[in-house]
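Enquirer:
In my numbering, the protein residues as written are 8 to 624.
1) What are the start and end residues of the beta strand (DSSP E) that includes residue 586?
2) Going by beta-carbon coordinates alone, are residue 193 and residue 226 separated by less than 8 Å?
3) Please give me, in chain order, every unbroken run of the alpha helix (DSSP H) with length at least 4 that falls completely inside the region 315–392.
4) Give the DSSP-derived three-state secondary structure of residue 573 in the structure shown.
5) Look at the Cβ atom of residue 67, then the Cβ atom of residue 317, and state whether they are nearer than 8 Å.
6) Counting only C-beta atoms, is residue 534 closer than 8 Å to chain B at any point?
7) In this structure, does DSSP put residue 46 in helix, strand or coil?
8) Compute the distance between the beta-carbons of residue 354 and residue 155, then report whether it is under 8 Å.
9) For residue 520, which residues from the same chain have a beta carbon less than 7 Å from its beta carbon, with the 5 sequence-adjacent residues on both sides left out?
10) Assuming residue 191 and residue 53 are in contact, meaning their beta carbons sit under 8 Å apart, how far apart are those beta carbons, in whole angstroms?
11) May I ask you to report which of helix, strand or coil DSSP gives residue 206?
12) Given residue 373, which residues of its chain have a CB within under 6 Å of its CB, disregarding the five upstream and five downstream residues?
13) Give the secondary structure of residue 612 by DSSP, where H, G and I count as helix, E and B as strand, and everything else as coil.
14) For my contact list, residue 158 and residue 146 are in at a C-beta cut-off of 8 Å; report their separation, rounded to the angstrom.
15) What number of angstroms, rounded off, separates the C-alpha of residue 611 from the C-alpha of residue 604?
16) Nearest to residue 568 by alpha carbon, out of 558, 577, 81, 576?
17) Can you check DSSP and say which residues form a bridge with residue 467?
18) Does the beta-carbon distance from residue 555 to residue 468 come in below 8 Å?
19) Could you say which of 75, 391, 553 lies nearest to residue 262 if we only look at CA atoms?
20) Please give me, in chain order, every unbroken run of the alpha helix (DSSP H) with length at least 4 that falls completely inside the region 47–77.
21) Does DSSP put residue 300 in a helix, a strand or coil?
22) Measure the alpha-carbon distance for residue 376 versus residue 386 and round it to whole angstroms.
23) State the CB to CB distance for the pair residue 63 and residue 143, rounded to an integer number of angstroms; the pair is presumed to be in contact (CB under 8 Å).
24) On the criterion of 16 or more Cβ atoms from any shown chain inside 10 Å, does residue 541 qualify as buried, or is it exposed?
25) Taking the alpha carbon of residue 459 as the point to measure from, which residue in 594, 254, 298 has its own alpha carbon closest?
26) Could you check what DSSP says for residue 484 in three-state terms: helix, strand or coil?
27) Locate the beta strand (DSSP E) running through residue 508, then write down its first and last residues.
28) Pair every Cβ in the region 264–277 with every Cβ in the region 419–429, then say whether three or more of these pairs are closer than 8 Å.
29) How many angstroms separate the CA atom of residue 592 from the CA atom of residue 449?
30) Who are the Cβ neighbours of residue 202 in its own chain at under 7 Å, not counting the five residues just before and after it?
31) Would you give the residue range spanned by the alpha helix (DSSP H) that residue 518 belongs to?
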């Protein structure tokens, strides 16, 4: 017996047609609390790694440039150095980094963020143990010997490696390992700069690739732990405390747009220089192990002209932000720092991005301060710093919050938003990829940083399902069913796209399903009389009030492309069928909303009234 499951298609009122009480804003379980608990020691480890890296950089800096053993942070440009030392120290540091990369781990090359992103997206959030040791050591050698880098990229990779290592000792999913990896990375970041909110935003904007409680809560936990421990390890207060009052006007905000455009263009130039340098080094007829040493030579030459461009340069950044830097040094930093950072980073040496962007952006703003009206000490340096950061990293919110937390200059929040978002707009319009993602693209992978609501999450199975379904009785034979499907029966109208058929018992309850392929196989083997009750298999089902995304996940998990739709309260009642093709309805709707321009309101036209001249009463 053939049967047709024909149901009235649901109406358009969501509240009237379905009960969505089983759905929630977020998919969070108690497992989240377990991962958050694991993030507590990871936060402490991240803070400890920040302390160790900071002191290691200071020790190497003092040994190389001042021939003393000290953990005091000192700027390289603060002393008078032998030109041979300025030229030779970065070369030696680059040579050591090259040897560590070749015979230790190639993962330590570069500024750390692309490698961290690659581990998250492509490596199951697994980081090798040796990276946790070699990355901070190589970064300390590179920076301490004069490399114009920061500690943030290495600490992100080091903290992430510590989180990943702990996760790899436990029975966790890849997503849970990701949460712990990013927890360690963000904790290290928060402890390095004393910027917990910016570190949390960096995780959201750049590393997590999702906005879910399962990852956000553990990361926030680790960042909080690191921020609590930071005063005891590295001190409290703003890294570059603001001085003086600001006098912000409407003209100031308008000029922040101009500053943002300049910052965005500078970010574009710096990014292109990095990868032009990488292309140039790739064409050299020498092994990549030697590239960091050649990059060190570039650093040394730049240091001959502007020694203050060497190293992390917190003293220079501080001078930019308090307005005490001279015009000559501003120009020198802007040109030399940009060149030596971009060109040497392309050599594959070890170092970070943020501190150089602080210095370069601050120099641009200090130069603007000689043209724009005075607002307050270091104001324009702060605006350009956030702008360059937002343009280079494509993370404008992080750039704004970083600038505020570094200086505690909360009264500059609105100008910072204007400048950073303008720079971000320029960067995304001019460049396809950022300095953080281009390296991943060059390895043959595509990374999208756009986040929106999945269109499959806002449509339901009941809206797209086929509700006129051909079903069979358990007593029907395979041959008879195949004949009905093929339309050999007179007056038969069949939807030939249906490839999965519900099998019902005498009370019209679902027993299972059978595929057209299974029917054809049985008939081909001359077993046409086989009852369908013997051929059917248990059905994997969905419900009309399930989202299309949930249906897609069910199909993927069971390696099938069609699902019977059954009543949630009475799962033996078949309401329809949904196929993989039907799920595309969500994508079609999303495409329509993105590309189909429509106008719904129009201004009323003004009707002119004419007065007749010479009219008589």
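A virtual CB, placed ideally from N, CA and C, is assigned to each residue, including glycine.
As the structure is a prediction and not an experimental result, all values here were calculated from the model.
Expert: Inspection of the coordinates gives the following:
1) 581–586
2) yes
3) 321–329, 334–339, 345–352, 361–375
4) Residue 573 falls in the strand class under three-state DSSP.
5) no
6) Structure shown: chain B not included; a single protein chain is present.
7) Of the three classes helix, strand and coil, the one that applies to residue 46 here is helix, per DSSP.
8) no
9) 507, 508, 509, 510, 543, 544, 546, 571
10) 5 Å
11) helix
12) 327, 332, 337, 388
13) coil
14) Their Cβ separation, rounded to whole angstroms, is 6 Å, which keeps residue 158 and residue 146 in contact under 8 Å.
15) 21 Å
16) 558
17) 554
18) For residue 555 and residue 468, yes; Cβs fall inside 8 Å.
19) 391
20) none
21) helix
22) About 8 Å.
23) A Cβ-Cβ distance of about 7 Å is found for the pair residue 63 and residue 143, placing them in contact under the 8 Å criterion.
24) exposed
25) Ranking 594, 254, 298 by Cα distance to residue 459 puts 594 first.
26) Three-state DSSP puts residue 484 in a strand.
27) 507–511
28) Yes, the region 264–277 touches the region 419–429.
29) 34 Å
30) Closer than 7 Å at the Cβ level, and outside the excluded window around residue 202, lie 409, 412, 413.
31) Looking at the DSSP string, residue 518 is not in any alpha helix (DSSP H); the run it does join, the beta strand (DSSP E), is 517–522.
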